[in-house]
Each structure stands twice: as C-alpha cells, then as structure tokens.
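Asker:
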Amino acid sequence: MRKRWQRRHIVEGIMKGLMLASFAVVAGSLGLILWIVVSRGLPALTWDMVSQTPKGGFYLGKEGGILNAIIGSLYLAGGGTLLALVFSLPIALYLETYLGDWRWGQYVRLALDVLWGIPSIVYGAFGFTLMLAVGMRASLLGGIFVLTLLELPIMTRAMDEVIRRMPAELEQAALALGSNRLEVATRVVTRQMLPGIVTAILLAFGRGIGDAASVLFTAGFTDRIPKSLLDPAASLPLAVFFQLGMPYPEVQQRAYASALVLTIIVLAISLGSRWISGRLSKYVLK
Amino acid sequence: MEAHIQVRNLNAFYGKTQSLKDINIEIPRRQITVIMGPSGCGKTTLLKTFNRFLELVDDTKITGEVLVDGRNIYDRDVDVTEVRKCIGLLAQRPYPLPMSIYENVAYGMHIHRMKNSRDEYRKAVRHYLEVTGLYEEVKHRLMTPATSLSIGQQQRLCLARGLAVEPEIILGDEPTSALDPISSQHIERLLLDLKQDYTIVVVTHTLRQAKRLADYVIYMYMGEVLESGPAREVFNNPRHERTRAYLEGQI
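Chains as they are written, first to last, in this note's numbering: chain A, 172 to 457; chain B, 148 to 398.
Written out as structure tokens, the structure is:
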C-alpha cells in the first residue's frame with residue numbers, strides 16, 4: 172500500500188483549489204454587480220419609471236420615467252439584430268457551403284474577427300461620418316444601421332463556428348438523397364444549427380442592447396418615444412450614463428434603476444432563448 | 148446476365164495517388180453484388196464513384212465512364228441530383244436528419260416533389276417504414292426525434308429514407324459495421340428481400356457476410372479489380388492466386 176499523500180494527489184488538490192478560486196472570483200463579481208444594481212436600483216424602480224417618459228425636470232429629480240429609453244433600446248437592438256441576421260446567416264452559410272477552408276474563406280473569417288475587435292465608439296464615429304456625408308441626422312435608422320454593423324461580425328462568426336461543427340456525414344446523407352446544395356443548407360444544416368443560431372442571435376442582441384458608444388452620435392438621445400425611423404431614439408445605456416452624471420442623489424439612484432431594467436431585459440431574453448433553443452435541440456444530432 | 152451498371156476504363160486519383168486503376172466491370176441488375184478485398188484496396192472509393200460522391204472530396208480526379216442503363220453519369224449534361232436520387236446510399240453509420248422519424252422518410256419525397264397531397268405523403272412514409280420493418284416499432288411516435296431510435300433502428304430508418312425517393316440501385320458502404328449482430332442480421336435480411344426490385348451493391352470487409360449476401364462478387368486489390376464473377380464461381384474456384392489467399396484468410 173502506498174502512502175495516501177502522494178505528490179500527485181497534492182498537485183491535484185492545489186489545482187482543484189485554484190479552479191475553485193477562479194470560479195469564486197467570477198461568480199463573486201457577478202453577484203456583486205447584481206447586488207449593487209439591485210440594492211441601489213430597486214428602491215427607485217417604481218411603476219412610473221417604466222411606464223412614463225421623462226417630464227420636465229426629470230433630470231433634476233422631478234417626475235417621469237425612462238419609457239423612452241426602454242422602447243428606444245428595444246427598437247434599436249431589435250432592428251439591429253434583425254438586420255444583422257438577414258446578412259449574417261447567408262454569409263455564414265456561404266462561408267461553409269461554398270468557400271469551406273479555402274483561402275478566401277480564411278480571409279473573410281479574419282476580416283470578421285478584426286471587425287469583432289473594433290471598439291464600438293469607432294463604429295459610432297464611422298456611422299456618424301457616413302450619416303453626415305448623406306445629410307442624415309441622428310435617428311433610429313442611423314442607430315439601427317450602426318448596431319447592425321456592430322452585431323454582424325459577432326453573429327456571423329458565432330454562426331460560422333456552429334456550422335463548422337456540423338458533421339460532414341449529415342450533409343452527405345442529405346446529398347445522397349439527391350438534395351442540391353441549397354436544400355442541404357436550408358433544410359438540413361439550418362435545422363441542425365438552429366439552437367446554435369438562436370444563441371448567436373442572443374449574443375449579438377446582448378451586445379447591441381448594452382452598447383452606449385455606438386448609438387451616442389448615431390441615434391442621439393431624446394425624451395420622446397420615436398414615431399418614425401427618422402426620429403432620434405433614446406437608449407438605456409445612455410440613460411444610465413446621463414443620469415449617473417447628474418449631481419443629484421435621487422437621479423443617480425434612478426440610473427441604477429435603469430441599469431436594473433436593462434439587466435432584467437437581457438436576463439429575460441437570455442432565459443427565453445435558452446428555453447427555445449432547448450426545445451429546438453430535441454431533433455439535433457449530437 | 149443483364150448489366151445495370153457498366154464501368155469502363157475507370158481511373159480515380161486523390162491528388163497524385165491513383166486509387167482506382169483501369170476498372171472494367173459490369174454489375175448485374177436485381178442482384179446483390181459484393182465488393183470485397185483487404186482494407187485500403189479501393190472498395191469504398193469504387194462504390195463512391197457510382198453516386199458521384201468522390202467529387203465531394205477536394206483534389207480528386209476521375210477518368211473513364213460509369214454507365215447506368217447505358218448512360219454515363221459523368222456526362223456533362225447529367226444532373227448530379229438525379230443520379231443520386233436514382234442511386235441510394237446506405238452509409239457505414241446511420242446519420243438520421245435532424246428531424247422527426249416521419250420527416251426523415253418524407254424529406255426526400257418533399258425535395259423531389261414526388262407526391263401531391265399530405266395524405267399521399269403519409270401513406271408513402273408508412274409504406275417505406277413497413278418495408279423496412281420499422282412501422283410497428285415506431286407507429287406511436289412518428290413525430291419524435293429520429294435520434295431517439297437505437298442505432299439499428301436508425302440504420303433501417305436511413306434505408307427507408309433512401310427507398311422513399313424510389314431509387315433503382317442501392318449502395319451499401321459496410322452498412323452493418325456499426326451495428327450489433329441482431330441489427331446486422333436484420334439489415335442483411337432486408338437487403339436479400341430488396342434484391343427482387345433493386346440492384347444492390349455492398350462493400351464489406353467480412354467474408355462471411357459476403358458469402359451470405361453475394362450473387363455476384365468483385366474482388367479488389369490495391370486499386371485494381373482482380374476478379375469478378377458470379378459468387379459461386381469466385382468462392383469455389385477463384386481464378387487469381389490473391390483471391391484464393393484472401394478467401395482462405397491469408398490476407
């Protein structure tokens with residue numbers, strides 16, 4: 172019988188401890204963030220906050236709410252995600268079905284990775300310049316356009332990775348039945364990939380709705396709910412930012428309430444998409 | 148013997164290596180032809196030239212002709228999807244499509260628009276599930292995922308799915324190698340039944356399976372066909388020394 176406290180057991184113990192510690196750091200940070208947002212935001216989160224637009228003197232602590240920002244954010248991120256989806260799904264499918272691992276495919280992937288890494292303020296500045304050039308003012312449309320650019324690389328690459336994990340034999344099974352490439356892509360690949368695609372959409376939506384810098388110049392900020400695509404639109408991250416910058420404690424507290432609303436929206440969409448993708452993955456080949 | 152598939156001067160290359168060397172064979176109609184030989188001899192490669200699957204691999208080149216009913220499937224004006232509709236494939240491992248059991252069988256009929264009404268589709272799905280002996284096992288759960296079936300059932304589902312597009316030829320690429328003995332037996336029995344109506348070509352590396360199935364045998368070695376002929380002749384009286392060695396278990 173060898174001794175219980177061998178060197179390799181000790182090493183294992185230390186490594187396990189380290190893993191546990193890093194988990195604790197991550198979980199702790201998340202908990203702390205949620206705690207601060209909830210504890211400071213919840214007292215200020217009234218029905219008025221989510222059901223009214225800012226009235227005169229809202230930013231001085233008078234009555235009103237952030238409905239303008241909630242609706243604005245949903246419009247902006249929703250529109251941006253939808254538009255990004257329209258472009259990224261065909262790009263991802265084309266990358267896989269026709270380019271494969273050819274050099275051109277690698278170039279496209281590299282380009283998308285670079286785009287992914289560009290800071291959102293650069294997208295904002297780029298969008299703003301473009302809008303100036305065509306004589307467009309800060310508007311919902313401008314914001315949606317820039318968020319589309321921001322979300323496109325994330326969504327495309329996330330989908331691309333999902334599609335690349337697709338077993339080649341499954342495609343062959345469909346080809347063997349006389350499918351053409353398009354039928355393989357739309358009827359088989361997409362179905363196998365649907366849960367992953369839903370996750371990719373969520374990921375992009377999460378980045379879109381949480382981003383302040385890109386919509387700062389392009390969508391602007393307003394106390395009104397946008398009535399058309401050419402009206403400026405408010406957004407939750409900017410609402411948090413502006414309120415936090417005010418020197419009044421009650422306004423600052425409302426900033427936390429706004430952050431709480433944003434967190435709840437992201438959480439709801441995250442849980443919802445998990446539920447949907449769980450249901451969809453029923454048919455998926457593991 | 149009436150030939151269904153005729154292979155003429157067929158050569159295949161992966162990059163610079165030649166994997167099939169000047170193949171000339173004929174495959175009889177409505178019989179089971181078994182392609183055998185040691186591993187790496189080109190059995191599967193030859194099979195894949197019949198449904199034009201070889202071209203899915205990058206850097207392959209094919210010369211020569213594969214005639215099905217006298218028509219070269221490598222002709223420029225031949226629609227590859229029609230070739231594959233007419234020539235079904237049963238793969239080594241079953242890969243059900245990511246859909247329900249019902250949709251798996253209906254898929255091929257849908258893309259080729261072979262039926263006119265929902266009811267016709269339903270009848271056809273039932274028919275092919277019955278042909279493969281699956282219907283009684285799955286009739287209460289047609290809408291459940293195909294992945295919930297056992298591997299053996301999945302392979303029969305793949306067979307049903309292939310038959311549903313009404314092919315004339317069925318290719319089997321070691322179709323029982325991933326299955327348990329009872330499921331394998333099931334598949335073998337089905338193939339023996341199906342040869343009434345279909346031309347069947349099966350690649351196998353088990354000699355016993357070859358002897359159970361074959362009406363006609365092709366023996367391959369290093370990318371060449373050394374011997375082909377009716378099963379009884381080849382098994383009892385191999386003309387080539389290497390075939391004899393293989394049959395006696397020396398290779």
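Virtual Cβ for every residue (Gly too), placed ideally from N, Cα, C.
Keep in mind the model is a prediction, meaning the values are calculated, not measured.
1) I'd like to know if P420/A contacts chain B, where contact means its C-beta is closer than 8 Å to some C-beta of that chain.
2) Among the candidates L216/A, A195/A and T224/A, whose CA atom is the shortest distance from the CA of D394/A?
3) Could you tell me the alpha carbon to alpha carbon distance between Y368/B and H387/B, rounded to whole angstroms?
4) With a CB to CB cut of under 7 Å and the five nearest residues on each side skipped, what residues in its chain are close to A255/A?
5) Rank E335/B, F197/B and E315/B by C-alpha distance to the C-alpha of T323/B and give the top, closest one.
6) Please list, in chain order, all residues of the same chain as S375/B whose beta carbon is under 6 Å from its beta carbon, the five residues on each side excluded.
7) How far does the beta strand (DSSP E) with S375/B in it extend, from its first residue to its last?
8) How many Å lie between A159/B and L203/B at the Cα?
9) Measure the C-alpha to C-alpha separation of H274/B and S444/A and round it to an integer number of angstroms.
10) At a cut-off of 7 Å, would you count G306/A as near the ligand FMN, judging by its Cβ distance to the nearest heavy atom?
11) Check for me: the beta strand (DSSP E) holding R155/B runs from which residue to which?
12) Compare the C-beta of P292/B against all C-beta atoms of chain A and say whether one is closer than 8 Å.
13) Which value, in whole angstroms, describes the spacing of the CA atoms of A325/B and R308/B?
14) Using only alpha-carbon positions, find the residue among G314/A, K453/A and G306/A that is nearest to A248/A.
15) Does DSSP put T180/B in a helix, in a strand, or in coil?
16) K208/B by DSSP, collapsed to three states: which one?
17) Per DSSP, what kind of secondary structure is N383/B in: helix, strand or coil?
18) G212/A and A428/A - do their beta-carbons sit closer together than 8 Å?
19) On the three-state DSSP scale, how would you describe Q363/A?
20) If you run the structure through DSSP and keep just helix, strand and coil, what is Y249/B?
21) E322/A touches chain B at which residues, Cβ-Cβ below 9 Å?
22) If you measure beta-carbon to beta-carbon, which residues of the region 445–457 of chain A are closer than 8 Å to chain B?
Answerer: Reading it off the structure:
1) The residue labelled residue 420/A in the question sits at position 249 within the first sequence. Cβ-Cβ to chain B under 8 Å: no for P420/A.
2) As a position in the first sequence, residue 394/A is number 223, starting the count at 1. Measuring from the Cα of D394/A, the nearest candidate turns out to be T224/A.
3) Taking the second sequence and counting its residues from 1, the one referred to as residue 368/B is at position 221. Taking the second sequence and counting its residues from 1, the one referred to as residue 387/B is at position 240. Approximately 11 Å between the Cα atoms of the pair.
4) Taking the first residue of the first sequence as position 1, residue 255/A is located at position 84. Taken in chain order, the residues that qualify are T319, E322, L323, M326 and A375.
5) In the second sequence, counting from the first residue as 1, residue 323/B sits at position 176. With distances taken between Cα atoms, T323/B lies closest to E335/B.
6) Counting from 1 along the second sequence, the entry for residue 375/B is found at position 228. These residues qualify, in order along the chain: I172 and I365.
7) On the second sequence, residue 375/B is found 228 positions in, with the first residue counted as 1. Unbroken beta strand (DSSP E) run through S375/B: E371 to P377.
8) Counting from 1 along the second sequence, the entry for residue 159/B is found at position 12. Counting from 1 along the second sequence, the entry for residue 203/B is found at position 56. The alpha-carbon atoms of A159/B and L203/B are separated by roughly 13 Å.
9) Taking the first residue of the second sequence as position 1, residue 274/B is located at position 127. Taking the first residue of the first sequence as position 1, residue 444/A is located at position 273. Using only the alpha carbons, I get a separation of about 38 Å.
10) What this structure holds is no ligand at all, so the ligand FMN is not there to describe.
11) Along the second sequence, one-based indexing puts residue 155/B at 8. Run containing R155/B: A150 to Y161, per the beta strand (DSSP E) assignment.
12) What you label residue 292/B is simply residue 145 of the second sequence in a count that begins at 1. Taking Cβ atoms only, chain A reaches closer than 8 Å to P292/B, which makes this a yes.
13) Along the second sequence, one-based indexing puts residue 325/B at 178. Along the second sequence, one-based indexing puts residue 308/B at 161. Going from the Cα of A325/B to the Cα of R308/B covers about 18 Å.
14) Position 77 of the first sequence, counting from 1, holds the residue named residue 248/A. Closest by alpha carbon: G314/A.
15) In the second sequence, residue 180/B corresponds to position 33, counting from 1. Reduced to three states, the DSSP call for T180/B is strand.
16) Reading the second sequence from its first residue, position 61 is the one you call residue 208/B. Of the three classes helix, strand and coil, the one that applies to K208/B here is strand, per DSSP.
17) The sequence position of residue 383/B within the second sequence is 236, counting from 1. The answer is helix: DSSP assigns N383/B an H, G or I state.
18) Here the question's residue 428/A lines up with position 257 in the first sequence. Here the question's residue 212/A lines up with position 41 in the first sequence. Contact: yes.
19) One-based indexing of the first sequence puts residue 363/A at position 192. Three-state DSSP puts Q363/A in a helix.
20) Numbered from its first residue, the second sequence carries residue 249/B at position 102. DSSP places Y249/B in helix when its eight states are reduced to three.
21) For the purposes of this step, residue 322/A is taken as residue 151 along the first sequence, with counting starting at 1. Correct list: empty, because the minimum Cβ distance to chain B is about 26 Å.
22) K453, Y454, V455, L456 and K457
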